[in-house]
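The block underneath contains the structure these notes are about, expressed in C-alpha cells.
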Amino acid sequence: MSNKVSRRTFLSYTLMGTGGFMASAMLMPMIRFAIDPVLASAGGSDFIPTPQKADELTETPVRVDYTIKDRQDAWYTSDVSNTAWVYKEGDKVIALSPVCKHLGCTVNWEGDEHKNEFFCPCHAGRYKKNGDNIPGTPPLGPLDEYEVEVIDGFVNLGGVIPNTLV
Ligand code: FES
C-alpha cells in the first residue's frame, strides 16, 4: 500500500487549512465582541464617592445625588445618576434607597402632612425613618439600604442590600 499523497489531495488539504485559518481569523473578533459582556466579571460592589461630608450629616435624612461613572451596561458604557437618603444614627451613617417598594416611584422625606416619614407621592406609600413600610399603605416591604463607607470624610455608597434596620 502506497503512502504517497497525490497532488490533488495535497492541494485540497492546503486549501482547506488556509481557508479554515482565514475564516477563524475573521470570525474570532466577531465572536469575541458578541460574547464579551457575558465574559466580563460583575465587578463586585465598588464604593462610589458622593459629595456628602459625613460630619455634616444629622439625624434628619438628606437627599444625596451622586454619579456612577463609566457604568457598563452590556455593550454600552455611560455615567448614571443615582440618589440616596442619608442620615446619621449615633456614629453610624445610614443610606436608604429612594425606590418605593410598591411600584418603584421615588420617595421623599417628609412633607407637610407626613412628619418624620418617607412619603411616596404615587400611591401615598409611607415609610418610617428606618425604611420600614407603614402597614395599611401600598408598599409591602421596607426600603432597601446601601452599603456605606466613609472615606476621607466623604460618604461612599456601595451596592443595594436588603434593609437591616427593621
Ligand atoms: S409606587 Fe410608591 S406607593 Fe405606589
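So for the sequence shown, UniProt numbering puts the first residue at 1; every next one is plus one.
C-beta: ideal position from N, C-alpha, C; glycine also.
Check whether the Cβ atoms of Ile97 and Val150 sit closer than 8 Å, and answer yes or no.
Note on identity: in this sequence residue 97 is Ser, with Ile being the wrong assignment. Here Ser97 is not near Val150, since their CB atoms are 8 Å or more apart.
Quick one: Cα of Leu11 to Cα of Met26, how far?
As the crow flies, the alpha-carbon of Leu11 is around 22 Å from that of Met26.
With distance defined between alpha-carbon atoms, name the residue in Asn3, Glu113, Ile94, Val5 nearest to Gly131.
Out of Asn3, Glu113, Ile94, Val5, Ile94 has the C-alpha closest to the C-alpha of Gly131.
Measuring only the C-alpha atoms, how far is Val107 from Tyr66?
Each residue's Cα considered, the two are about 17 Å apart.
Nearest residue (CA-CA) to Pro51, options Thr137, Asp91, Trp109, Asn82
Looking only at Thr137, Asp91, Trp109, Asn82, the smallest Cα-Cα distance to Pro51 is reached by Asn82.
Expected contact under 8 Å - CB spacing of Pro139 and Gly125 to nearest Å:
By a beta-carbon distance limit of 8 Å, Pro139 contacts Gly125. Their separation comes to about 4 Å.
Determine, using beta carbons only, whether Ile68 and Asn156 come nearer to each other than 8 Å.
Cβ atoms of Ile68 and Asn156: not closer than 8 Å.
Quick one: Cα of Thr164 to Cα of Asn133, how far?
For the pair Thr164 and Asn133, the Cα-to-Cα distance works out to about 13 Å.
Check Ser78 in the structure and name its three-state DSSP category.
Note: Ser78 maps to strand in three-state DSSP.
Should Gly136 be counted as a contact of the ligand FES given a C-beta to heavy atom distance under 7 Å?
No.
Which of the three DSSP states, helix, strand or coil, is assigned to Asp55?
Three-state result, Asp55: helix.
Spatial neighbours of Ser78 in its chain, beta-carbon cut-off 7 Å, leaving aside the 5 residues before and after:
So the list reads Arg71, once near-sequence residues are dropped.
Chain-order list of residues whose beta-carbon lies under 6 Å from that of Val166 (same chain, five-residue window excluded)
These residues qualify, in order along the chain: Asn130, Asp132, Pro142.
According to DSSP, Pro146 sits in a beta bridge with which residue or residues?
The displayed chain sequence assigns Tyr, not Pro, to residue 146. Bridge partners of Tyr146: Val160.
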